[in-house]
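Visitor: Using my numbering, the letters of the sequence shown correspond one by one to residues 1 to 158.
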Amino acid sequence: MAVFDVLPAAQIKLGLAVLVLGYCANMLLKLIPERLPSSQVTVAVSAVAGLVDAVTASGGTIQAPLFLARGLRKEVFVASFAATSVLLNPLKIGLYWTMGYFQPGNLPLVALLVVSGFAGVQIGRLGLKRLSPESFRILAVAFLFLLGLKLLVESCCA
Numbered sequence: 001m002a003v004f005d006v007l008p009a010a011q012i013k014l015g016l017a018v019l020v021l022g023y024c025a026n027m028l029l030k031l032i033p034e035r036l037p038s039s040q041v042t043v044a045v046s047a048v049a050g051l052v053d054a055v056t057a058s059g060g061t062i063q064a065p066l067f068l069a070r071g072l073r074k075e076v077f078v079a080s081f082a083a084t085s086v087l088l089n090p091l092k093i094g095l096y097w098t099m100g101y102f103q104p105g106n107l108p109l110v111a112l113l114v115v116s117g118f119a120g121v122q123i124g125r126l127g128l129k130r131l132s133p134e135s136f137r138i139l140a141v142a143f144l145f146l147l148g149l150k151l152l153v154e155s156c157c158a
């Protein structure tokens, strides 16, 4: 039995939803002042994001608050997500392939999603140029809030 088969994905999603929604509430209400995370915290959070991503496909939900807290410029924020995806996704593909989770019948859909994702990246690149840094930050927190709600619903309906 694989380790990922015994990890409680629904409970991890619920905990992640609570943390993300709490983070978004704090961003809105400013209850706790933001602090720049240390390098050690950044490395630890990245490791946790990798684990959570492997179990729930929600690792970016952990990385976004980290990148926001580090005060990354919008271009660096996006590039950092791209870099972690390029390096981690092949690892996840290999891991899930060896665990037998890939279904060859889904490959045409995957190819279509890659092409449409590429188009989305090009459109997003143009939109990024038009956003002010503050608008980008608000948009990032809004999407994070929506992800938190999605995780909450998924964990409650699992």
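Beta carbons are placed, not taken as given, at the ideal position from N, Cα and C, and that holds for glycine. Just so it is clear, the structure is predicted and the values come from calculations on it, not from any experiment.
1) I'd like to know whether the C-beta atoms of LEU28 and ARG137 end up nearer to each other than 8 Å.
2) With a cut-off of 8 Å on the beta carbons, I'd call PRO33 and LYS74 a contact; round off their distance for me.
3) Within this structure, are the beta carbons of ALA17 and SER116 separated by less than 8 Å?
4) My output table needs one value for TYR96: the three-state DSSP class, helix, strand or coil.
5) Please report how far the alpha carbon of VAL43 lies from the alpha carbon of LEU109, in whole angstroms.
6) For the alpha helix (DSSP H) that GLU154 lies in, which residues bound it at each end?
7) Taking the continuous alpha helix (DSSP H) assigned at LEU28, which residues delimit it?
Guide: The structure says:
1) Position 28 of the sequence shown, counted from the first residue, corresponds to residue 28. Position 137 of the sequence shown, counted from the first residue, corresponds to residue 137. No; because the gap between Cβ atoms is not below 8 Å, this pair is not in contact.
2) Along the sequence shown, one-based indexing puts residue 33 at 33. Along the sequence shown, one-based indexing puts residue 74 at 74. Not quite, the Cβ-Cβ distance comes to about 22 Å (not below 8 Å), so this is no contact.
3) Here the question's residue 17 lines up with position 17 in the sequence shown. Here the question's residue 116 lines up with position 116 in the sequence shown. Going by C-beta atoms, ALA17 is not nearer than 8 Å to SER116.
4) Here residue 96 refers to the residue found at position 96 when the sequence shown is read from its first residue. Judged by DSSP in its simplified three-state form, TYR96 adopts helix.
5) Within the sequence shown, residue 43 is the residue found at index 43, counting from 1. Within the sequence shown, residue 109 is the residue found at index 109, counting from 1. Approximately 34 Å between the Cα atoms of the pair.
6) Walking along the sequence shown from the start, residue 154 turns up at place 154. It spans 133–157 - the alpha helix (DSSP H) in which GLU154 sits, taken as one unbroken run.
7) The residue given as residue 28 occupies position 28 in the sequence shown. Note, LEU28: alpha helix (DSSP H), 9–29.
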